[in-house]
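S.K.: Have a look at this one before I ask anything.
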Amino acid sequence: MKNKGNAKSDFSKQLILEALLDIMEYQSLHQISVKEICEVAMVSRKTFYRNFDHKLDVINIEVARLIKVYMASIEETSDLTLANIAFLVFDLVNKHKRFFEKIVANHLLFLVSERILQEVMDVYKIRKQTLFDQYGAETIENVLHFSFGGFEHYIKRLLKSQERVSAEQIRREFIKISEILTLSI
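Next up, the structure:
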């Protein structure tokens, strides 16, 4: 992303983001042109390219905001078990369901999940140092990769179904899954 500084630029970026998300209600990202985004946002193409290199940069504005929200919730959580991480991930998904539906429909969930995974790994290295000491960095990172891969598939399935599932239900399910994995697989 370009232009990071002034209020006018920030306002233009927000208009462009809102326009893109509105258009994504009925059109996939790859079908949307910069011209169309600019028409809906009522900004010039020059303004678009002054602030962004491409359409994914626009999506990344919202991704960055959601990562900040997620990390704030991580900071407030005293016990960083995988079940609690799952709770926080799915709480974020439930609170921002429309955005997640759009990125899943456009095969862009990785934009959020990979960033959250990296942030969680960084936090784990500090707050779960004893696990790193006991099992080694590679094992802990593999556990997190495995878990986040499952989270991605579960998010996709959850958003496709009409069933409403709370983050607390996900946490309880994750605990059951962990028990099953240790007992029978």
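The sequence shown maps to residues 1 to 185 in the UniProt record's numbering.
Don't be surprised by glycine CBs; every beta carbon is placed ideally from N, CA and C.
This structure is a prediction, so every number in the text was calculated from the model and none was measured.
1) Would you please state the rounded distance, in angstroms, between the beta carbons of Arg157 and Ala83? I believe it to be under 8 Å.
2) So, at 7 Å on beta carbons, what are the nonlocal neighbours of Val165 in its own chain, with the 5 sequence-adjacent residues on each side left out?
3) Using a Cβ-Cβ cutoff of less than 8 Å, which residues in the same chain neighbour Glu101 once the five nearest sequence positions on both sides are dropped?
4) How would you call Lys13, buried or exposed, if buried means at least 16 neighbouring beta carbons within 10 angstroms?
5) Mind checking whether residue 204 and Leu66 have CB atoms under 9 Å apart?
6) Kindly indicate which three-state DSSP category Tyr154 falls into: helix, strand or coil?
7) What number of angstroms, rounded off, separates the C-alpha of Asp10 from the C-alpha of Asp53?
8) Can you tell me the Cα-Cα spacing of Leu131 and Leu144, whole angstroms?
9) CA-CA distance, Phe48 and Ile175?
10) Under 8 Å, with one C-beta from each stretch per pair, do the region 110-125 and the region 137-154 reach the 3-pair mark?
11) Could you check whether Leu21 and Phe99 sit closer than 9 Å to each other, using their CB atoms as the reference points?
12) Roughly how many angstroms lie between the CA atoms of Ile103 and Lys55, to the nearest whole one?
13) Taking the alpha-carbon of Gln118 as reference, which of Val34, Tyr70, Glu39, Lys46 has the nearest alpha-carbon?
14) Roughly how many angstroms separate the alpha carbons of Leu92 and Val58, rounded to a whole number?
M.R.: Based on what the coordinates show:
1) Not really, about 19 Å apart at Cβ, beyond 8 Å.
2) Leu158
3) Leu159
4) buried
5) One cannot answer for residue 204 here, as it falls past the ends of the chain, which runs 1 to 185.
6) helix
7) 15 Å
8) 12 Å
9) 46 Å
10) yes
11) yes
12) 13 Å
13) Tyr70
14) 20 Å
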